[in-house]
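Novice: One structure, pasted below without further comment.
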Amino acid sequence: MPQGRPVKRAYPALLLPGAAVYLGFFFLPLAGLFRESFRQFTPGGVGSAANAPFTLANYSELLTPSFAEFFLETMRISLLASLTGLLFAFPLAYWLARRLSPGWRATAVGFFVTLMFLSVLVRTYALELTLGAAGPLRPILLGVGIFPNGRGYIELLVAGGLLHYIVPMATLTLLATIQNVDPRLFDAAQNLGAPGWKAHLTITLPLCARGLLAAFLFSFTFSISAFVIPMILGKGRVLFISNLIYNRFSEVADYPSGAAISIVLFAVALTIVYVTSRQLHRRSMP
Amino acid sequence: MTQLTRRHTLKGAAAIGAVTIIGDTLGSTRRAAAATEITAVEWGGDVVNAMKQIEAKQNQVKVNWVLHQGGSGAILPKIKASWPHPEYDYVSGWEGSFNGMVKEDWLVPVSVETVPNLADIPQKIIVKNAKGEWAAVPRAIGGIYCAYRKDTSPVEVKSLDDLFDTRLKGKICWPGPTQAMMLPLVALALHAGGNEHNMDPGWALMKKLAQSGNIGRIGVTDTDFSTSLTSGETSVGFYSEPQLTAVAKSFPVVRLTKQAGMPTFLYQSGFAILKNRPNLTATLAFVNHCISPEMSSLYAQVAGEAPLNVKAKTPEALKHLSFTPEEMNKYVYFPDFNEVLSQQDAWTKRWESEIAPLL
Amino acid sequence: MTGRALDNLLRLLGMLMIGGIVCFLLIPIVVTVVMAFDARAYLGPLPPPAYSLRWFRRFFSDDYFLRGLGTSVQLALLSATLSLCVGVATAVALDRGSWRGKEALTSLFLSPLIVPPVVTGFALLLFLSGLGLSNGFARLLCGHIIITVPYTIRSTLAGLSGIDGSLTEAALILGANERSAFWDVTFPLARTGIVCGAIFAFAISMDDVAVSIMLTDANTYTLPVALISSMRANFDLSIAAASVLLMLATLALILVLEKLVGLDRIIGQGVFR
C-alpha cells in the first residue's frame, strides 16, 4: 500500500459525493424517523398528530420477551441463510473463476445475472408452489416424516427462499475477489506438499477475506430486512422484523411504533456489521 | 375512410407515436378540453374496471385513475406527507381507512344537498365525523364471514367450534393482525360470550385455535388469502368479500353468511372526498353519478360488492349478501366500529405478543 | 485417509453440491415460465391444466403496465449510473490508506441495506415532502439511488481488494499521473467488481416495490408497483409474464454484448489470467 505519497490528497475529495448522497437521502430522513419514534400515537389517527407530546412509550413497549423472540428469530434465520449462502457461493465462485473455460464462464455469469432479474415476488411464490405445503413435494415430505405445515419446515423454507436470492449475489461478489487472487500461490502450496483442502484453507480463503466479508454483509443485511420472502414462505407465522414494521405502516398507521422498531433494528444490525468487519479486518492484518 | 396506403399508415403511426411520447414525457396524456379532470384512488382489478365503465357513462368528468398500491393503508402516509395539499380528489376506502382520515380531518362533509343520491342510501351506515356530519359516501357493502371450499375441506363447517376439528389440521387460513379490521377475532369473542368491548374471551379462544395447529397460514395481505385457498394450501377461512368472490369464481365455495351461530359482519366501500382540492363540485357530481341506482347495479355486477342504493338491483351472484330484516337481525352483527377501529393498534400488539408465538 | 484421497472426496462433494445448488436455482425460473403460460386466472397447484398466452397479451395491451415499464427502465438506468459513479468514487477513497475509523465508515456506508425498504421509503417521503419535493420521478430517483449505492460501493471494494498497490506505484513511477494510473491500471483490474455493482444496482432498481410504493405520485409509478396494484383480490399472473419478459430481455442483452464485445472483456478477468 502506498505510504505517505502525495496521491492521498485526492481521496478525501472522492468521498464528497458519497457523503452528500448518504446525508441527503438517508441520514437526514432517518433523523426525521428518529424524531417520529418519540412521538405519542393516538389510536385512530394517521401517524402522530402535528403537536403530539414526546414519549418513550414506543420504545418501552418493545421491552417484552415476545419482541426479543422476534428479533432473535430474524437474526437466527438470517445468520443461517447467510453462512449457508457463503458455503455454497464460495465453491461456486471458485469453480467459475478457475475451472471453467471463458466461454462457459460467460454463460454461467449470464445465468446468474439473468437470475437477479427474476422478481422476488414471483420467485418466492414459485418456491412456495414447488416446495410448500400444497406442492408436489408434499407426499415425499410426509413419507420422510416432515410435516410440511410444521414450524420447523416453514423456517427452513424461509431460509431457502433467502438463499435463492443470496447465492447469485454472493457468487458474483466472490468472483470478483477470487479473480484477483494469484493462483500460483495455491500451486506453490501444493508443491510444498499441502493437500488441496489445506492449501485453500490457509491460502485462498484468507486472501479472499474482503470479498467474503462483502458477500456475508450483503447476505446478512438483505436477510434481516427481508420482507416479501418471510411474508409468503413464512405463512404469516414466521415473522421477521420487517413484517412487524409493515403491520404498523398499514391502516393501523402507528408510524411512531414502526419508526421505533426500525431504529432498534438499525442500531443492533449496524453494531453487528461493524463488529464483524472489525474482527475480520484485525484477523486479516499481517 | 382515408386511403390506407402504407405511407398513410406509417405517417399516422409516427404521429401517434410522437404524441404518445410527448404526452408521456410531460407526465400526463392529453385530455378533452371540455371535461374537468379529477384524480381518484381506486382498487385495482375488478373495482377499477367497474369504475372505468361508470366513468364512460358520463362526460362531465375525466378521471386520472391511481391505484391503491398494496392495501388501502398505503395511501395514508402520502396524504399526510403532502397535507394540506393532497394530490387526490377522492380516495376510495372502507371503514378501516375512513376512520383515520376522519380523525385527521381531511374529508369534506357531504349531505343530501351536495350529493342528492345519498337520499337512497341507508343512513345508518354512513360514517360520521366528530361534528356528526356525514364524512364519506358509501357505494356498496361487502361481507366478512366464514367460508370454505366445498371440494377440499374435510369438514362441513357449521359453527366456530368446527374450526377446532382435528381433521382441519393446517387447513385454516386466518386473517392476520391488520386484516379485516380483526373482526374474526370479534366473532370468536361473540362465540365465547364476549363482544368487541369485552375481548378477553375472544383472545382465549384465539389462543386455543393457534395452539391447535389448525391454522395453516395467517393471511397478511388480501391476495395472500385467496392464493392460499386457490392453491389448495388451506380450505377454510374467515375473510372479506372480494377475496372470497375471487375464490368462488373458480371453486365451489360455501359462504356461511346465513348460518346460525356464525356472525356475519358487513363493511362498506365508498368515497372519501379530500379537502383543499380545486374541483370539488365536479368530484361531488361524479360521486353522485356513481351511486345512482343504475351505476350501483353496474358496480355490483362488475366489482362484486352488493349495492347500497335501495333502488338498485342486487345481482344473483350476491344473493348471500342480501338480507331480509329478520335475517339481518339473526345473522348480521353490527359492532361499534368506533371501538373496533380505535382498538386496532392495541389488538395488533396483543396479537404479536400473545398469539404469534403460538403459531 | 491420505491428503489426496480427501482432496478427491471433497472435490466430488463439491461438484455434487454445485449440481444441487444449480438445480435449486433453476426451479423458480422453470416454475415462473410455467406460471406465465398458465391459463387459470388464479394461482393454483402445479401443473396447470391448460396453457395460454393471455398474460402476455394482457401485459402488452394494458397501457398501464407499459407506462410503468417505461418509467422503470428510465429510472433504473439513471439511478444505476448515478449510483455507480458515487459508489466507485467512494470505494476508491475507502480503499486507499488506513486511517482511524475507516472500518466504521465502511460499515456505515452499508446502513441503507439494514433498514427495511418500507421504512426507507417512508422516511424519504416525509423528508422530501418536508422540503417541498413532490415530483414522483425525482423522489423515486432519490429512493433508488440510496438503496443501490451500498451495493456499488461494496462490490467495487471487493473488486479492488487484492490489487497490489505496487502496480499503481509502478505506473506512477513510470510517469503516469494519478488519474491515468486509476483508469489504465486499477479500473481494468477492478472491473469485475464494478460491473457486478452496476448489475446489482440495475436489477434492484427494476425489482423494487417497497420503497417505490411510498414515493410514487399521482402520475408516476414503476412496473413492479403497477403489477402489485392490479392484484386486489387475487394473484395476477401478469407478474410472471413480466418477469419472463424481463429475463428474456436480460438474456438478449447479454448475448448481444457477448457477440459485440465479449462478455469476458466486460466482466473482466481480474489480475491473473
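Chains as they are written, first to last, in this note's numbering: chain A, 122 to 407; chain B, 19 to 377; chain C, -1 to 271.
All C-beta atoms, glycine included, are put in the ideal place defined by N, C-alpha and C.
These numbers come from a predicted model, not from an experiment.
(1) Alpha carbon to alpha carbon, what distance is there between Ser90/B and Leu225/B?
(2) I want to know whether the region 239 to 247 of chain B touches the region 177 to 188 of chain B - three or more CB-CB distances under 8 Å.
(3) Please name the residue in Leu23/C, Leu11/C, Leu41/C whose C-alpha comes closest to that of Ser268/B.
(4) Looking at Ser159/C: is its Cβ nearer than 8 Å to the Cβ of Arg331/A?
(5) Quick check on Leu292/B: does DSSP put it in helix, strand or coil?
(6) In three-state terms, what does DSSP make of Ser246/B?
(7) Would you call the region 211 to 219 of chain A and the region 365 to 377 of chain A touching, i.e. three or more CB-CB distances under 8 Å?
(8) Give a yes or no on whether 8 Å exceeds the smallest Cβ distance from Phe107/C to chain A.
(9) Could you run through the region 278 to 291 of chain A and flag, in chain order, every residue whose CB is less than 9 Å away from some CB of chain C?
(10) Taking its Cβ as the centre, do 16 or more other Cβ atoms sit within 10 Å of Tyr273/C, making it buried, or is it exposed?
(11) Quick one: is Ala196/C near chain A, going by C-beta distance under 8 Å?
(12) Quick one, which residues of the region 379 to 396 of chain A are near chain C if we go by CB-CB under 8 Å, in chain order?
(13) Quick check: is the beta carbon of Ser249/B nearer than 8 Å to any beta carbon in chain C?
(14) Which term fits Thr184/C, buried or exposed, when burial requires 16 or more other beta carbons within 10 angstroms of its beta carbon?
(15) Note down, in chain order, all residues in the region 236 to 261 of chain B with a beta-carbon under 7 Å from any beta-carbon belonging to chain C.
(16) What are the boundary residues of the beta strand (DSSP E) that includes Arg273/B?
(17) Within 8 Å (strictly less), CB to CB, does Tyr274/A reach chain C?
(18) State yes or no: is the C-beta of Val31/C within less than 8 Å of the C-beta of Val84/C?
(19) DSSP three-state label for Ile112/C, please.
(20) Check the DSSP bridge columns for Lys80/B and list the partner residues they point to.
(21) What span of residues does the alpha helix (DSSP H) with Trp365/B cover, start to end?
(22) For Phe256/B, which three-state DSSP category applies?
(23) Can you tell me whether Val302/A is buried or exposed? The criterion is at least 16 other CB atoms within 10 Å of its CB, across all chains shown.
(24) Please report how far the alpha carbon of Ser77/C lies from the alpha carbon of Leu248/A, in whole angstroms.
(25) Below 7 Å between beta carbons is the criterion; list the residues of the region 182 to 208 of chain C that meet it against any residue of chain B, in chain order.
(26) Near Phe307/A, which residues of its chain fall below 7 Å by C-beta distance, leaving aside the five closest residues on each side in sequence?
(27) Compare the C-alpha of Gly253/A against each of Gln161/A, Ile275/A, Thr235/A and name the closest.
(28) Any beta carbon of chain A sitting closer than 8 Å to that of Leu172/C?
(29) Whole angstroms is fine: what's the gap from Ile143/B's alpha carbon to Gly150/B's?
(30) If we count the other Cβ atoms within 10 Å of its Cβ and call it buried at 16 or more, is Ala152/A buried or exposed?
(31) Which residue or residues does DSSP assign as beta-bridge partners of Pro156/B?
(32) Which residue comes first and which comes last in the beta strand (DSSP E) that contains Cys308/B?
(33) Based on the DSSP output, what are the partners of Trp112/B in its beta bridges?
(34) Listed in chain order, which residues of the region 222 to 240 of chain C have Cβ atoms closer than 8 Å to some Cβ of chain B?
(35) Going straight from the alpha carbon of Leu333/A to that of Gly157/C, what length do you get?
(36) Hey, quick one: how far does the beta strand (DSSP E) through Cys191/B stretch, first residue to last?
Specialist: With the structure as the only source:
(1) By one-based count along the second sequence, residue 225/B stands at place 207. By one-based count along the second sequence, residue 90/B stands at place 72. It should be pointed out that residue 225/B corresponds to Lys in this sequence rather than to Leu. Their backbone Cα atoms lie some 28 Å apart in a straight line.
(2) no
(3) Within the second sequence, the letter at position 250 stands for residue 268/B. Looking at the Cα atoms, Leu41/C is the closest of the given residues.
(4) Counting from one through the third sequence, the residue named residue 159/C turns up at place 161. Counting from one through the first sequence, the residue named residue 331/A turns up at place 210. Going by C-beta atoms, Ser159/C is nearer than 8 Å to Arg331/A.
(5) Here residue 292/B is taken as the residue at index 274 of the second sequence, counted from 1. Here Leu292/B sits in strand by DSSP.
(6) Looking up residue 246/B in the second sequence gives position 228. Three-state DSSP puts Ser246/B in a helix.
(7) no
(8) Here residue 107/C refers to the residue found at position 109 of the third sequence. By this cut-off, Phe107/C is an interface position.
(9) Gly281, Leu284, His285, Val288, Pro289, Met290
(10) Since the displayed chain C opens at -1 and closes at 271, residue 273/C lies outside it and no answer follows.
(11) To locate residue 196/C, count along the third sequence from 1; it is residue 198. By this cut-off, Ala196/C is not an interface position.
(12) Gly379, Ala380, Ser383, Leu386, Phe387, Ala390, Leu391, Val394, Tyr395
(13) Within the second sequence, numbered from 1, the residue matching residue 249/B stands at position 231. Interface residue, yes.
(14) Within the third sequence, the letter at position 186 stands for residue 184/C. Its Cβ being crowded by 16 or more others within 10 Å, Thr184/C is buried.
(15) Asp240, Thr241, Ser244, Thr245, Thr248, Ser249, Gly250, Pro260, Gln261
(16) As a first step, residue 273/B is located in the second sequence; it is residue number 255 there, counting from the start. Note, Arg273/B: beta strand (DSSP E), 271 to 273.
(17) Along the first sequence, read from residue 1 onward, the residue named residue 274/A stands at position 153. Cβ-Cβ to chain C under 8 Å: no for Tyr274/A.
(18) The residue labelled residue 31/C in the question sits at position 33 within the third sequence. The residue labelled residue 84/C in the question sits at position 86 within the third sequence. Taking 8 Å as the Cβ cut-off, Val31/C and Val84/C do not qualify as a contacting pair.
(19) Taking the third sequence and counting its residues from 1, one reaches residue 112/C at position 114. If DSSP states are grouped into helix, strand and coil, Ile112/C belongs with coil.
(20) Translated into positions along the second sequence, residue 80/B becomes position 62. Paired residues: Glu55/B.
(21) Taking the first residue of the second sequence as position 1, residue 365/B is located at position 347. Element bounds for Trp365/B: 362 to 368.
(22) Start at 1 with the first residue of the second sequence, and residue 256/B comes out as number 238. Note: Phe256/B maps to strand in three-state DSSP.
(23) On the first sequence, position 181 is the one that residue 302/A refers to. Val302/A comes out buried.
(24) Taking the first residue of the third sequence as 1, we reach residue 77/C at position 79. Taking the first residue of the first sequence as 1, we reach residue 248/A at position 127. If you take the alpha carbons of Ser77/C and Leu248/A, they lie about 30 Å apart.
(25) none
(26) Your numbering for residue 307/A matches position 186 in the first sequence. For Phe307/A, where only same-chain residues beyond five positions count, the Cβ hits under 7 Å are Ala320, Ile324, Thr325.
(27) Here residue 253/A refers to the residue found at position 132 when the first sequence is read from its first residue. The option with the nearest alpha carbon to Gly253/A is Ile275/A.
(28) Translated into positions along the third sequence, residue 172/C becomes position 174. Chain A contact via Cβ: absent.
(29) Locating residue 143/B in the second sequence gives position 125, where the first residue counts as 1. Locating residue 150/B in the second sequence gives position 132, where the first residue counts as 1. One C-alpha to the other measures close to 13 Å.
(30) Residue 152/A sits at position 31 when you count from the first residue of the first sequence. With fewer than 16 other Cβ atoms within 10 Å, it is exposed.
(31) Taking the first residue of the second sequence as 1, we reach residue 156/B at position 138. According to DSSP, which records beta bridges pairwise, Pro156/B is partnered with Gly288/B.
(32) Taking the first residue of the second sequence as position 1, residue 308/B is located at position 290. Element bounds for Cys308/B: not the beta strand (DSSP E) but the alpha helix (DSSP H), 298 to 308.
(33) As a first step, residue 112/B must be located in the second sequence, where it is residue number 94. DSSP lists Ser287/B as partners of Trp112/B.
(34) Val223, Ala224, Ile226, Ser227, Ser228, Met229, Arg230, Ala231, Asn232, Phe233, Asp234
(35) As a first step, residue 333/A is located in the first sequence; it is residue number 212 there, counting from the start. As a first step, residue 157/C is located in the third sequence; it is residue number 159 there, counting from the start. The alpha-carbon atoms of Leu333/A and Gly157/C are separated by roughly 11 Å.
(36) Along the second sequence, one-based indexing puts residue 191/B at 173. Residues 190 to 193.
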